[in-house]
Amino acid sequence: MQEFDRFIKVVGEIREKCPWDSVQTHESLKKYLVEESQEVLDGIDRLNETGDSDNLCEELGDVLFQVVLHSLIAQEEGIFTIEDVISGITDKMQFRHPKIFAPEDRELCSLSWEALKAKERSVKSNSKNNKTAHESQM
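Quick note on our numbering: the sequence shown kicks off at 11 and runs consecutively.
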């Protein structure tokens, strides 16, 4: 993961020092995320048609740049960090794959993907409601 840490530092330096990147917002970057995502889809087609994996690798890197840049902007705004993004998706994937990460939990293992997503939403909703109630008591 040394390369990932180096990448985050490079994106941070770009965000700080590049006149164009330093003024971008979530809103101004939306169209680029859509464009880069479409290029990933095109890269998948190209891989299937021609075997060109270099293009797909490059386009996935461009999407990763967008994810890290949006995360840095969110960090500047005090909303969340790239660590929060990584932690959140890690927790989500572990929860959605109980047969791998919690095989002893027969109830979770018996649920379908959609049922797991619904349960996850319910837990999130309860967590947000509890947080809001706690904050209003302060």
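The beta carbon of each residue, even a glycine, is placed where N, CA and C say it ideally should be.
Computed from a prediction, not measured in an experiment: that's the story for all the values here.
Tell me the DSSP secondary structure of Ala125 in three-state form. Three-state DSSP puts Ala125 in a helix.
Would you say Leu70 and Val21 are within 8 Å of each other, going by their C-beta atoms? It is not a contact, given that the beta carbons lie outside the stated cut-off.
Going by the beta-carbon positions, is the gap between His80 and His36 smaller than 8 Å? Annotated as proximal: His80 and His36, with beta-carbon spacing under 8 Å.
Would you check if the segment 50-69 and the segment 28-42 touch, i.e. whether three or more CB-CB distances between them fall below 8 Å? At 8 Å Cβ cutoff, the stretches do not touch.
Status (buried if at least 16 other CB within 10 Å, exposed otherwise) for Glu46: Under this definition Glu46 is a buried residue.
Is His36 helix, strand or coil when you go by DSSP? His36: helix per DSSP, three-state reduction.
C-beta contact flag for Tyr42 and Gln85 at 8 Å: No, they are not a contact pair.
Would you mind reading off the limits of the alpha helix (DSSP H) that contains His80? Taken as a continuous stretch (DSSP letters only), the alpha helix (DSSP H) holding His80 covers 63-86.
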